[in-house]
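These notes concern the structure reproduced below.
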Amino acid sequence: MGRSRIRPGRTRGSTTDTDTDTDTDTDTTEGTGMRPTQAKDHPAASPPRPIAAVPGASLARRPVAGGGEGHHGAGAWSASGPPPDGPAEVRRLDGDVPGAVGRLLDQVLRERLRRARLADPLFAEEVAERVTRFTLRGGKRTRAQLVWWAARACAGGDPAAAAAALRIGAAVELLQTCALVQDDVMDQAVLRRGRPALHAELTDRYAGRAGVERARRFGQSAAVLAGDLALAWADDVVAETPLEAWTGVVVRRLWSDMRTEMVAGQFLDVQGQVTGVSSLARVLRAARLKSALYSVERPLALGAAVAGADDVTLRRLCDAGRCVGLAFQLRDDLDDVFGDPRETGKARGGDIREGKPTYLVTVARARAEAAGDTGALAVLDRRLGDPALTESALREVRDVLVATGARATVEAKVDRLAAQGLRHFDGAALDPEGAGPLRALLLATAGARPGADAAVRPGQDAAARDIGAWPGADTRDTAAWPGDDTPDSAAWPGDDPLDAAGPGEDGVVRLLPVPDPYATRAHGRTGSGR
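Heads up: the sequence shown runs through residues 1 to 530, numbered per full-length UniProt numbering.
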């Protein structure tokens, strides 16, 4: 099975070791060694020990295959054992990717906790252990799974690519911890994954001693620091992952851009709340930056990059991820208002209480204005941004979202985006063993309704379809697929003319050129392929 690689003739095996199979005892899980500690327990915190005194804290660097440099010693693969032992072991890990990522995170975080305790025991117990618990509890680990399956689809059973994908997936999970912890502070959310949000937990812990208001400010400040710590640890994991020289350039650039995009999207989100700016195009841009790129497109690109995918394959996966990622965010908007808190793990109506200009709400307002529906507009004006929103008031908002057709419009757009994403995905030449699970994961992530992918027949050969330019397509060609019925400048079939982002969605979502640093320098025509 031929596939283009970043450096012809390179070898991988000597530079990557990981073990996701050994489950070791650790004091970082809930209920073991996690005693809440009062400040009085540390009247004189031990000063940090010099790095040289920390066992195993080697900062040595030495060349890796391909001429680059990588970190070795305790910080790299030795912290988690040998790599998967051949394709058979990689396939065994396929059966429980979240578990494999969780075991690797357990080992990585155990070492990070040890070093945090050397810095300061109180900091370790109040902040670092909370970051660890939150990360290890995890959610579905969808982003890490996307990294894994993208690597599998591009590299087959290559153990070194699988090992790198596990580490990058673990880093993405730590980045997710940062995003969620700080997002909860900004949204003043009290629940996350069915448990008290980190800032709320700290507020409750200190309220008896400091008073509610001081404890609230402390909880928020400590949670921001906890998010910063999770981000720092995520960066550590990426930096300490041995990669080929050019692969490392691509991965680091993708990682850097993903962090910046996530922050930019969050800024547009909160800035929109305070200014009330909520055009459809702007709302979709914020959604793409805050969630679509970071949740789907970049994890796919990272997995493809560690596998040495060629430019065409990387581009097809990015196009697919862009569509599926936006569908994911629009589904999240729907779930915030119409979902079951027992399934979503967070209180219903959070976006309404915060006055977020989501796409769902923006469509409802545009339709109400066009129809002259002053009653619907009055409900939106009165209820959006009401921190004391009751269930009956939220029901009023839901009624408006249904009556204006906003809910149906967004539901249909999720389905179309999912189908469009799968069309792009089916245009990539991938290893069938990884492509099948990845395709199923993308469909589930999009949150589309059953049958949304009917237009794209599983197993259909891309070369035999409407993609006449494949496999000889110019790697810089970002035009629509021949036969694609959803061009940037035209509305989706059946789109309401008011839905300017039906077309605008594609202007934001679709087929933007991939900057040169993302190119893998492996300009093959057969991808990682069949």
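Glycine residues also receive a C-beta, built at the ideal position from the N, C-alpha and C atoms.
The straight-line gap separating the alpha-carbon atoms of Gly451 and Gln420 is approximately 13 Å. The DSSP-derived three-state label of Leu174 is helix. Exclusion of the five residues before and after Val127 leaves Ala222, Leu225, Ala226, Leu229 as the residues of its chain whose Cβ lies within less than 7 Å of its Cβ. With 16 or more neighbouring CB atoms inside 10 Å of its own CB, Gln182 falls in the buried class. With respect to the C-alpha of Gly303, the residue from Gln107, Trp149, Gly95 having the closest C-alpha is Trp149. DSSP lists Pro196 as the beta-bridge partner residues of Leu191. With distances taken between CA atoms, Gly219 lies nearest to Thr203 out of Thr203, Ala234, Glu213, Ala232.
Pro242 sits buried, since 16 or more C-beta atoms from the chains shown fall within 10 Å of its C-beta.
No Cβ-Cβ contact shorter than 8 Å links Arg353 with Gly339. Note on the region 351-375: whole alpha helix (DSSP H) runs with a minimum of 4 residues are 359-371, in chain order. Under the three-state reduction of DSSP, Pro387 is assigned to coil, being neither helix nor strand. By the 16-neighbour rule on beta-carbons within 10 angstroms, Ala232 is exposed. For Leu293, there is no enclosing alpha helix (DSSP H), as DSSP marks it with neither H nor E.
By the 16-neighbour rule on beta-carbons within 10 angstroms, Ala286 is buried. By the Cβ-count criterion, Gln271 is exposed, with fewer than 16 other Cβ atoms from all chains shown falling within 10 Å of its own Cβ. Comparing C-alpha distances from Asp158 to each of Ala234, Thr390, Arg91 shows the shortest one belongs to Arg91. Taking C-beta separations shorter than 8 Å and ignoring five residues to either side along the sequence, the partners of Phe328 in its chain run Ser291, Ala292, Ser295, Val296, Thr445, Ala446, Gly447, following chain order. Taking each of Arg298, Gly355, Leu441 in turn and checking the Cα distance to Met258, the smallest one comes out for Arg298. Across the set Thr135, Thr142, Leu109, the C-alpha of Thr142 shows the shortest separation from the C-alpha of Leu300. With a cut-off of 8 Å on Cβ pairs, the region 307-320 is not in contact with the region 170-186, counting fewer than three such pairs.
The DSSP-derived three-state label of Lys413 is helix. Around Val237, the same chain offers Val108, Arg167, Ala170, Ala171, Leu174 as residues with beta carbons nearer than 7 Å, after the five sequence neighbours per side are excluded. Met186 and Pro196 have their C-alpha atoms roughly 15 Å apart. Residue range 341-344 is occupied by the alpha helix (DSSP H) that includes Glu343. When C-alpha distances from Ala403 are compared across Gly211, Asp333, Arg416, Val361, the shortest belongs to Val361.
For Ala408, there are no CB contacts under 6 Å within the same chain when 5 residues up- and downstream are skipped. Look at Thr404 here: in three-state DSSP terms it is coil, with no helix or strand label. DSSP, reduced to helix, strand and coil, places Val337 within a helical segment of the structure shown.
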